[in-house]
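Quick note, this note's numbering runs 30 ahead of the 1-based positions in the sequence shown.
We put the CB at the ideal spot given by N, CA and C, even for glycine.
Report on one structure; see the data block that follows.
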Amino acid sequence: MGWVCVVTEIKKLSLQNDYVVVCYAQQQCRRLATQRKRYKRMSRIKISNFGPIHTPANENEAWIDVKKVTVFIGDQGCGKSTIAKLISLCCWMEKVLARGDFNKEVFTASKFRDDYCGYHRMTNYFKPGRTEIEYEGDAYSLKYTKEGDLVIEKMADATQYPLPQIAYIPAERSLISTINKPSLIKGLPGSLSEFLTEYERAKGILVNELELPINGALLDYDQQSDILSIKGDDYKLRLQESASGFQSVVPLFLVSKHLSDIVSKQAKQSNSMSGEEVRRFQESVASIWNGVDLTDEQRRIALSTLAAKFNKAAFVNIVEEPEQNLYPSSQVLLLQSLLQFNNALDANKLIITTHSPYLVNHLAVAVKAHTLNNAHEDIAERIEEIYPLDAAVAPNDLAIYQHDANDNYFYALEQYKGIPSDDNLLNVHLDESNEKFASLLEIEQRI
Numbered sequence: 031m032g033w034v035c036v037v038t039e040i041k042k043l044s045l046q047n048d049y050v051v052v053c054y055a056q057q058q059c060r061r062l063a064t065q066r067k068r069y070k071r072m073s074r075i076k077i078s079n080f081g082p083i084h085t086p087a088n089e090n091e092a093w094i095d096v097k098k099v100t101v102f103i104g105d106q107g108c109g110k111s112t113i114a115k116l117i118s119l120c121c122w123m124e125k126v127l128a129r130g131d132f133n134k135e136v137f138t139a140s141k142f143r144d145d146y147c148g149y150h151r152m153t154n155y156f157k158p159g160r161t162e163i164e165y166e167g168d169a170y171s172l173k174y175t176k177e178g179d180l181v182i183e184k185m186a187d188a189t190q191y192p193l194p195q196i197a198y199i200p201a202e203r204s205l206i207s208t209i210n211k212p213s214l215i216k217g218l219p220g221s222l223s224e225f226l227t228e229y230e231r232a233k234g235i236l237v238n239e240l241e242l243p244i245n246g247a248l249l250d251y252d253q254q255s256d257i258l259s260i261k262g263d264d265y266k267l268r269l270q271e272s273a274s275g276f277q278s279v280v281p282l283f284l285v286s287k288h289l290s291d292i293v294s295k296q297a298k299q300s301n302s303m304s305g306e307e308v309r310r311f312q313e314s315v316a317s318i319w320n321g322v323d324l325t326d327e328q329r330r331i332a333l334s335t336l337a338a339k340f341n342k343a344a345f346v347n348i349v350e351e352p353e354q355n356l357y358p359s360s361q362v363l364l365l366q367s368l369l370q371f372n373n374a375l376d377a378n379k380l381i382i383t384t385h386s387p388y389l390v391n392h393l394a395v396a397v398k399a400h401t402l403n404n405a406h407e408d409i410a411e412r413i414e415e416i417y418p419l420d421a422a423v424a425p426n427d428l429a430i431y432q433h434d435a436n437d438n439y440f441y442a443l444e445q446y447k448g449i450p451s452d453d454n455l456l457n458v459h460l461d462e463s464n465e466k467f468a469s470l471l472e473i474e475q476r477i
């Protein structure tokens with residue numbers, strides 16, 4: 031069915047609130063077909079005077095491109111997580127608008143400040159008359175102005191939008207591994223609470239032992255006792271009793287793999303709704319919108335549950351500090367797994383905040399493996415002996431942003447022939463340690 035025919039068919043329907051949702055249902059097959067092609071579009075964000083982030087000195091460098099792999103490096107408290115949370119929030123708003131869960135009029139400036147930024151505990155980051163946030167996505171653009179208004183516009187070619195599954199994996203994830211029955215804890219941050227929900231789902235379908243990317247260890251789950259265990263050649267420990275590295279890795283790896291597998295499976299399906307299914311779906315959406323006793327939050331949950339039948343076409347994985355409590359070699363192996371999940375679909379995205387020089391330097395290896403394989407496909411086996419090609423990264427798919435303490439903003443790290451520069455903040459600090467050691471040796475020699 032062509033686009034004009036779909037619009038004609040939708041016009042026969044009396045209710046307007048679910049217009050985008052029904053259009054989406056009818057267009058699902060065509061979008062998934064488009065997804066099989068190389069996905070080129072890139073979203074971007076610009077932030078000014080929000081929390082620890084100030085106004086960039088150079089307006090031309092203000093935009094932050096959200097590429098297939100995007101990394102933020104910098105000191106603690108400089109705003110890495112702030113950017114990651116805003117990207118997550120804007121992606122979610124774009125998703126529910128494109129799917130039709132809400133009309134854009136529902137998204138007021140006050141709700142953006144108090145409810146949606148409050149979800150990530152960023153309500154107090156706004157600076158009256160100074161804060162400005164702009165986001166340009168695949169389907170919608172969003173702008174929070176200095177005057178305190180929120181402007182939402184639909185992109186011209188929004189029909190090419192790949193509906194994403196968005197995961198925000200917070201740095202506090204280790205808490206889930208260390209506490210018995212974490213789902214009973216009240217007052218958790220919104221992002222951690224939602225991550226816990228996904229963690230419980232991923233854990234619940236774990237039937238066989240799962241190989242972890244570090245130490246050759248296995249993850250075992252006893253459903254009857256609801257106990258996760260780490261197994262090695264000569265040991266088996268409850269996750270609660272295991273090393274802190276495992277307690278950080280297990281929630282991250284388990285949820286990432288679970289969602290990657292689900293989205294990859296859904297993206298291969300192209301089932302569209304029948305006319306009767308569209309009619310019933312429209313009636314259900316109308317009932318939710320007209321439910322006067324429902325709060326906005328209840329309405330959002332009901333619409334999301336109903337719209338969950340739509341197949342996802344992309345996995346946006348946002349990870350805070352994947353290196354937590356890990357030895358350098360384990361950091362690298364975990365990163366390779368995340369890159370493999372990310373490469374499962376062209377429209378997938380991996381966004382990382384990190385303090386680790388090992389992760390940044392390893393991304394240079396991932397890029398080099400890709401460029402070498404592209405130039406000489408006959409040596410793929412030799413490359414595989416050194417680095418897995420399913421975790422390789424194309425140069426144009428990688429963006430690394432580092433914090434500038436003078437401007438309190440993030441700027442793109444330079445590249446040389448597509449390879450990230452080793453002249454980054456993390457390597458600079460390593461060099462400083464070497465220089466101090468050399469200076470001490472020089473003093474010793476003069477004694």
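Counted within 10 angstroms of its Cβ, other Cβ atoms place residue i as buried (16 or more) or exposed
i, result
"Pro86", "buried"
"Lys211", "exposed"
"Tyr439", "buried"
"Asn320", "exposed"
"Ile480", "Because the chain is modelled from 31 through 477, residue 480 falls outside the range shown and cannot be assessed."
"Leu45", "Summary for Leu45: the model assigns pLDDT 39, below 50, so the residue's position carries little reliability; its value from the coordinates is reported in the next sentence. Leu45 should be labelled exposed."
"Gln366", "buried"
"Asn341", "buried"
"Leu470", "exposed"
"Leu176", "Per the sequence presented here, residue 176 reads as Lys, with Leu not at that position. Exposed, by the Cβ-count rule."
"Thr384", "buried"
"Gly104", "buried"
"Asp144", "exposed"
"Asn373", "buried"
"Glu444", "exposed"
"Gln432", "buried"
"Pro200", "buried"
"Lys98", "buried"
"Ser140", "exposed"
Host beta strand (DSSP E) of residue i (start-end)
i, result
"Thr383", "379–384"
"Phe345", "344–350"
"His392", "Careful: His392 lies outside any beta strand (DSSP E), inside the alpha helix (DSSP H) at 387–405."
"Asp250", "248–252"
"Asp95", "94–96"
"Ile163", "162–166"
"Glu183", "180–184"
"Ile215", "Run containing Ile215: none; DSSP gives neither H nor E here."
"Thr100", "99–103"
Proximity below 7 Å, CB of residue i to CB of residue j
i, j, result
"Val280", "Leu269", "yes"
"Glu350", "Ser386", "no"
"Val479", "Lys379", "Residue 479 lies beyond the stretch modelled for the chain, which goes from 31 to 477, so this question has no answer here."
"Gln195", "Leu324", "no"
"Val101", "Ile348", "no"
"Ile413", "Asn404", "no"
"Ile473", "Pro450", "no"
"Ile292", "Phe276", "no"
"Lys173", "Glu164", "yes"
"Tyr388", "Gln370", "no"
"Ser73", "Val96", "yes"
"Tyr357", "Glu91", "no"
Opening and closing residue of the alpha helix (DSSP H) in which residue i lies
i, result
"Lys125", "110–129"
"Lys233", "220–234"
"Gln277", "274–297"
"Tyr369", "The amino acid occupying residue 369 in the given sequence is Leu; Tyr does not appear at that position. Start and end: 358–372."
TODO: Determine, using beta-carbon pairs with one atom in the region 133–151 and one in the region 464–474, whether at least three such pairs fall under 8 Å.
DONE: no
Open item on the list: Can you confirm whether the region 102–121 touches the region 181–188 when touching is taken to mean that 3 or more C-beta pairs between the two stretches lie within less than 8 Å?
Closed with: no
Open item on the list: Tell me whether the region 271–286 and the region 229–244 touch, counting them as touching only if at least three CB pairs, one residue from each stretch, are closer than 8 Å.
Closed with: yes
Open item on the list: With three or more C-beta pairs closer than 8 Å as the rule, is the region 74–90 touching the region 99–116?
Closed with: yes
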